[in-house]
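Just so you know, we're using this note's numbering here: the sequence shown kicks off at 208 and counts up by one. In this text, a Cβ means the ideal position worked out from N, Cα and C, and glycines have one as well. A quick write-up on the structure given underneath.
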Amino acid sequence: MQRLTVEGIRQEAQLREMLREPAQSLRRGGLVAFPTETVYGLGANALVEEAVRRIFEAKERPRDNPLIVHIAQDDQLRDVIDESQPLHEDAVRLMRAFWPGPLTLLLPAGARLAPSVHPGQPLVGVRMPDHPVARALIAEAGVPVAAPSANRSGRPSPTTADDVEADLGGQVDWLIDGGPCPIGVESTVLLLEPDCARILRPGGVTQEMIASVIDRPVLYAADAFDVSSAPLAPGMKYRHYAPNASVHVWWGAPEAIDEAMRAFLLEAVQDDEVDEVMVPALIAPDDFVRRFGWALSDERQAALPADAYAEELAHHLYRLLRAFDRAGATDVLVHGVDPTHGVGAAVMNRLYKASAGRVRWVG
């Protein structure tokens, strides 16, 4: 693996010059890990089946889990979608409003795409990332890039180059270090249906933002799909985002969350059948930590700013889950957020997956 640092460089011409070799590798079938505004992606030429299959092998990813294709400019769409099917006017509105940005649209798949990009599905997820390094790399490569998150399948997504190297260092040809990812959770995946728009995976573009652009109902739909069938989009079927530690989430009234967390810890201590000593970690708002006197070790406690807790949790969640693993935590206790609006939907979606459903509302 060759590692190239471009952190802090924003000028497109300079980036494209620096990224020439990894872009050539990408175009010829290599695997290149690179930063986006959401998480680091593991990229391959979306038009070359052998290259795309390398993604599945490197990540140990189930073969029926589709990939998102990334483009750098609008004219690359012709290599990705079926141009015999005109784009719906709402799709065009959404592209104009949120591209470049963390919105993935499911569109009719074109014949040039490698079949493994959208296994058994007539649609393909497409987005234009809003990160100068990602855009420069894709533009210099001159091909659309299939890119899931650059981690072992099921693990927390990587938000730094070091995370990528820890998971996939021996599997990639190039690792582009562009610094930490600014958003920290994956893109929103949206399906336009005749009478509504369905969010299959919530992300950085929220339900409210989408509803402000198109004149149709915008619904959350991930739970409406049969998980025994082939998934339409990433993150719908398999266990995702999970550290080695067990994750436990509570949301609701702060007093009730504190009571529930302490009861959980007390029950674990009193359980005679459990031989392993619990090593807890905590993620919570800073005012919650102060108010209720939580005092774990610094490496196992994250007190995030309460006035922007949902946004901060989105930004730091994967980093913290990985850090707590390194600190030897066995259980991560998380103060959740309201999942019904804003980025809270994306955060709680990821926590539901990471915790295998251990999410509780307490009043």
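- By the neighbour-count definition (other C-beta atoms within 10 Å, threshold 16), Gly-376 is an exposed residue.
- Around Arg-342, the same chain offers Ala-279 as residues with beta carbons nearer than 6 Å, after the five sequence neighbours per side are excluded.
- In the DSSP secondary-structure assignment, Val-350 is not bridged to any residue.
- With 16 or more neighbouring CB atoms inside 10 Å of its own CB, Gln-508 falls in the buried class.
- Val-486 and Arg-533 have their C-alpha atoms some 12 Å from each other.
- Separation of Arg-303 and Ala-521 (C-alpha to C-alpha, rounded to the nearest whole angstrom) is 25 Å.
- In this chain, the alpha helix (DSSP H) harbouring Ser-232 covers 227-234.
- With a cutoff of 8 Å on beta-carbon distance, Val-456 and Ser-562 are scored as near each other.
- Fully contained in the region 250-289 are the following alpha helix (DSSP H) runs of length 4 or more, in chain order: 256-266.
- Taking Pro-512 as the centre and dropping the five residues before and after it, the same chain places the C-beta of Pro-492, Asp-493 and Glu-519 closer than 8 Å to its C-beta, in chain order.
- Excluding residues up to 5 positions away in sequence, Pro-363, Ser-364 and Thr-366 lie with their Cβ nearer than 6 Å to the Cβ of Tyr-525 in the same chain.
- Of the candidates Glu-219, Arg-268 and Pro-450, Pro-450 places its Cα closest to the Cα of Asp-370.
- A straight line joining the alpha-carbon of Asp-337 with that of Trp-568 spans about 35 Å.
- For Val-486, the secondary structure class from DSSP, reduced to helix, strand or coil, is coil.
- Under the three-state reduction of DSSP output, Val-213 falls in the coil class, being neither helix nor strand.
- As the crow flies, the alpha-carbon of Gly-308 is around 14 Å from that of Tyr-247.
- According to the DSSP assignment, Glu-518 belongs to the alpha helix (DSSP H) that extends over 516-533.
- Between Thr-243 and the set Ser-356, Asp-289 and Gly-332, the nearest pair of CA atoms involves Ser-356.
- Contact between Val-544 and Val-554 holds: CB atoms are separated by about 6 Å, below the 8 Å threshold.
- Glu-400: member of the beta strand (DSSP E) spanning 395-400, first to last residue.
- Taking the C-beta atoms as reference points, Gly-386 is found no nearer than 8 Å to Thr-245.
- Only residues of its own chain outside the window of five on either side were considered, and among them Trp-381 have a CB closer than 6 Å to the CB of Gln-209, listed in chain order.
- Taking the C-beta atoms as reference points, Glu-219 is found nearer than 8 Å to Pro-339.
- The three-state reading of DSSP puts Ile-417 in helix, counting H, G and I together.
- By alpha-carbon distance to Val-324, the top candidate from Ala-346, Leu-274, Leu-294 and Phe-499 is Leu-274.
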